[in-house]
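This is how it looks when you write it as structure tokens:
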């Protein structure tokens, strides 16, 4: 019973007092309460400032500060995903890389003549027709009839052409007849300046086997380039039909290629080399391939402690139409990398000593979100056809080969075979040449999507090469050196060695300094938060608590007010509908509550004197007045029964 009056007063306060803060009924009241109570000074000055000009200035200053904070924080976020590059150099014993060596001529011409006899015959006829070149009647062995008969048909379909004055007519070198040029013209040597007139333009035409009107003419400013490109086209078709075991026998063996070998000052031989067959370069040999689980290393830099080999090139057995240079090709690579000889191989001259000094560098890039590289290639939707560690070149070649199989129905000869596919050849795929050239054109123009799918590897090793060449052997040592090498070769050579058949190669570390280039995040999470705090404190004198306050007021409380207002509107609509259906008049209890009549208030504290003074007065009752003072309380009564004489005198005065 004692608490009943207190509860009534509390309930009356809740219905009467305006509610502020998170329980405010409107957004404007909430914003006003926030500006008066927040720790950010700018918002408070907007409310408490007197005068429109001063308030406008504070609004502009506060909005400018907010804009600067957003700009600086965006810069910090972008810098957070940037990386800094660090370079570390250390001296240590280094693993020696794999060194792959190939003869520029892939197959012995003497062993290949029976397969290339018809092609060579057509090539010589073209040279004689164009340039009057004749070797007389050469004796060409013609066995393996299926190669010749099949080749003759397609030599007639895809002959060399002589284009006249860029017109739509050309002379067929096979039959000497003129033919109409259909389709578009692609000039393959636009960078080469033609020294003669337009009659010197040579090329060949490829047409769709299913649509003879869909053709493309490929022309060349240089007759050498035209003949070589045309020859390689038919050459790949022929080689695609020869079994791998046969091609390995037609190419050079390790005994044929290697004369002498030294590594780290010690003798080595063919057992230190691993053979692998390259479609365009025949048998190649890799030193220190690591296939046996052992990787050689070197602890001393300099040419005396690297790999030194003398190669036998055998220039006399070169295919005169396939290759026009003499020597070997080498590539330095990691044991887990595929050697792309045709792309990044280094050519070695004959009758010369070639020294290749190396600097070793390991690089490490950050993956997403710092860069768009891949760790292992597992996230790239392209099958790795090379069975080696991922690289950008492997991805591009595999992507093109897959597109080749999908579009042309067969695989391109220069790249590995996908599962279930076979190499293109005239017999089974008479349309493969046209399809290949069209597809390659799209690949170069980045229309196949391979360049968009394939990514750089995040980790890779690189050997920077420095090449120097010297005459070898010297004039004074040529005689005895050639004699000794011929003797070492023994019965395997039936002729005296010539220095143009030899190449001396040295591959070594110039120093044992290993450079490690790595990317590191330029900012950590701690630094990012510290920078955010500095910007908030500089422009808004704000802290983490202030940020939490902003989130609470502008998101949680504002959303709560909006939802509450919607709920009240929905509830009022429902009550009005119920009253309309029942026909009852609205009662006092149903009158809409005022905005400050907030049912969410659950404060049970008793009212204070200050809050009680703020209670509104009843409309029917008169204004309260201050009661008159009780003057009886001012009556003074002496505490003494008798008055002292001195006080009596004062009273009389």
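Numbering (my numbering), first residue to last: 2 to 654.
Glycine residues also receive a C-beta, built at the ideal position from the N, C-alpha and C atoms.
Source: prediction; values computed, not measured.
Proximity winner among the options, relative to residue i (alpha-carbon distances)
| i | options | result |
| --- | --- | --- |
| residue 314 | 570, 502 and 59 | 502 |
| residue 112 | 469, 299 and 247 | 247 |
| residue 108 | 398, 237, 298 and 290 | 237 |
| residue 94 | 297, 133 and 123 | 297 |
| residue 347 | 514, 467 and 311 | 467 |
| residue 509 | 80, 303 and 533 | 303 |
| residue 419 | 410, 568, 403 and 105 | 403 |
| residue 529 | 62, 77 and 415 | 77 |
| residue 163 | 281, 324 and 203 | 203 |
| residue 343 | 104, 454 and 216 | 104 |
| residue 114 | 55, 452, 320 and 574 | 320 |
| residue 547 | 38, 295 and 452 | 38 |
| residue 32 | 323, 222 and 562 | 562 |
| residue 120 | 240, 410 and 359 | 240 |
| residue 483 | 261, 379 and 445 | 261 |
| residue 225 | 96, 323 and 504 | 323 |
| residue 207 | 559, 511, 435 and 581 | 435 |
| residue 454 | 481, 520, 407 and 384 | 384 |
| residue 400 | 216, 370 and 447 | 447 |
Anticipated Cβ contact below 8 Å, residue i with residue j, distance rounded
| i | j | result |
| --- | --- | --- |
| residue 74 | residue 536 | 6 Å |
| residue 317 | residue 500 | Wrong, their Cβ atoms sit about 13 Å apart, outside the cutoff. |
| residue 427 | residue 405 | Incorrect: roughly 16 Å between the Cβ atoms, too far for contact. |
| residue 514 | residue 210 | Between residue 210 and residue 514 the Cβ distance is about 58 Å, and since that is not below 8 Å, they are no contact. |
| residue 507 | residue 357 | 7 Å |
| residue 116 | residue 228 | Their Cβ separation, rounded to whole angstroms, is 19 Å, which puts residue 116 and residue 228 out of contact at 8 Å. |
| residue 263 | residue 269 | 6 Å |
| residue 409 | residue 429 | Residue 409 to residue 429, Cβ: 11 Å. No contact. |
Own chain partners of residue i with C-beta closer than 6 Å, once the 5 adjacent residues on each side are dropped
| i | result |
| --- | --- |
| residue 291 | 336 |
| residue 283 | 107, 108 and 252 |
| residue 101 | 285, 287, 332 and 340 |
| residue 392 | 458 |
| residue 231 | 161 and 205 |
| residue 461 | 364 |
| residue 350 | 328 |
| residue 449 | 404 and 443 |
Counterpart residues of residue i in DSSP-defined beta bridges
| i | result |
| --- | --- |
| residue 470 | 355 |
| residue 575 | In DSSP, residue 575 forms no bridge with anything. |
| residue 96 | 298 |
| residue 465 | 360 |
| residue 267 | 264 |
| residue 349 | 329 |
| residue 460 | 365 |
| residue 507 | 309 and 356 |
| residue 412 | 424 |
| residue 283 | 279 |
| residue 334 | 99 |
| residue 259 | 312 |
Close beta carbons around residue i, own chain, < 7 Å, minus the five adjacent residues each side
| i | result |
| --- | --- |
| residue 339 | 387, 389 and 395 |
| residue 362 | 463, 465, 516 and 518 |
| residue 192 | Note that residue 192 has pLDDT 37, beneath the 50 cutoff, so the model's placement of it is unreliable and the number below is only indicative. Once the five neighbours on either side are set aside, residue 192 has no close Cβ partner at all. |
| residue 532 | 77 |
| residue 271 | 255, 256 and 259 |
Where residue i falls, given that 16 or more other Cβ within 10 Å makes a residue buried
| i | result |
| --- | --- |
| residue 472 | exposed |
| residue 160 | buried |
| residue 257 | buried |
| residue 99 | buried |
| residue 330 | buried |
| residue 592 | Note on residue 592: pLDDT 42, under 50, position unreliable in the model; the coordinate value appears next. Classification of residue 592: exposed, given that the 10 Å Cβ count is below 16. |
| residue 68 | exposed |
| residue 470 | exposed |
| residue 312 | buried |
| residue 355 | buried |
| residue 525 | exposed |
| residue 556 | exposed |
| residue 132 | exposed |
| residue 571 | exposed |
| residue 542 | exposed |
| residue 424 | buried |
| residue 72 | exposed |
| residue 47 | buried |
| residue 474 | buried |
| residue 485 | exposed |
| residue 307 | buried |
| residue 564 | exposed |
Beta-carbon proximity list for residue i, same chain, < 8 Å, skipping 5 on both sides
| i | result |
| --- | --- |
| residue 375 | 368, 381, 391, 456, 457, 458 and 459 |
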